[in-house]
Amino acid sequence: MVDARSAGISPLGWVSEQTIDTLEALGYPSAGLSSKGLDEVDLGGVDIVLSLLGDRGLDHVPHSIGGRRDAWVITDPFGEDDEVYREVARELEHRIRALLSEESDLELFST
Numbered sequence: 049m050v051d052a053r054s055a056g057i058s059p060l061g062w063v064s065e066q067t068i069d070t071l072e073a074l075g076y077p078s079a080g081l082s083s084k085g086l087d088e089v090d091l092g093g094v095d096i097v098l099s100l101l102g103d104r105g106l107d108h109v110p111h112s113i114g115g116r117r118d119a120w121v122i123t124d125p126f127g128e129d130d131e132v133y134r135e136v137a138r139e140l141e142h143r144i145r146a147l148l149s150e151e152s153d154l155e156l157f158s159t
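Under the working numbering, the sequence shown is numbered contiguously, ending at residue 159.
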């Protein structure tokens, strides 16, 4: 089972209503979500580090953290309409499923 953690380089300090609505519409829990920076998340024991900002995002994570490091470029939907939020969520879900299929001993989503 995967214990996923999320943190940003420049957190807003709050989670947008569109993010909450999108997660709930796709069947993902949203209770207790918060906006946090890298220094607010326990990164010990992390096996995979994902940057959604490409390589520049990985530059902010110490190289001692995580074995596998992937740099994706994912559009930030903030300020866009609901359809963009859904498209980004679907893209993330697709890419995370593909990543987890490569890491055969990890499972995050039920199918």
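For glycine and all other residues, C-beta sits at the position ideal for the given N, C-alpha and C.
If you're wondering where the values come from, they're calculated on a predicted model, not measured in any experiment.
Under the three-state DSSP convention, the category R143 falls into
Here R143 carries a helix assignment [DSSP, helix/strand/coil].
If you compare alpha carbons, which of L71, E135, G93 and V109 is closest to V50? For the residues L71, E135, G93 and V109, the minimum Cα distance to V50 belongs to G93.
Quiz item: Would the beta-carbon of V97 fall within 7 Å of that of V109?
Solution: Contact flag set, yes.
inquiry  = What does the alpha-carbon distance come out to for the pair G115 and S78?
reply    = Their Cα atoms are separated by approximately 28 Å.
inquiry  = Taking its Cβ as the centre, do 16 or more other Cβ atoms sit within 10 Å of T123, making it buried, or is it exposed?
reply    = Exposed, by the Cβ-count rule.
*May I ask you to list the residues that DSSP assigns as paired with L121?*
Reading off the sequence shown, one finds Val at residue 121, where the question assumed Leu. DSSP output for V121 lists L101 as bridge partner(s).
Mapping the DSSP letters down to three states, classify R116 as helix, strand or coil. Three-state result, R116: strand.
Query - Endpoints, the alpha helix (DSSP H) within which L86 is located - result: For L86, there is no enclosing alpha helix (DSSP H), as DSSP marks it with neither H nor E.
>> Using only the alpha-carbon positions, how far apart do G75 and E65 sit?
In response: Roughly 15 Å separates the two Cα atoms.
>> Taking 6 Å as the limit between beta carbons, can you name the residues of its chain near K84, skipping five residues before and five after?
In response: If you ignore the 5 residues before and after K84, its C-beta comes within less than 6 Å of the C-beta of A55 and P59, all in its own chain and listed in chain order.
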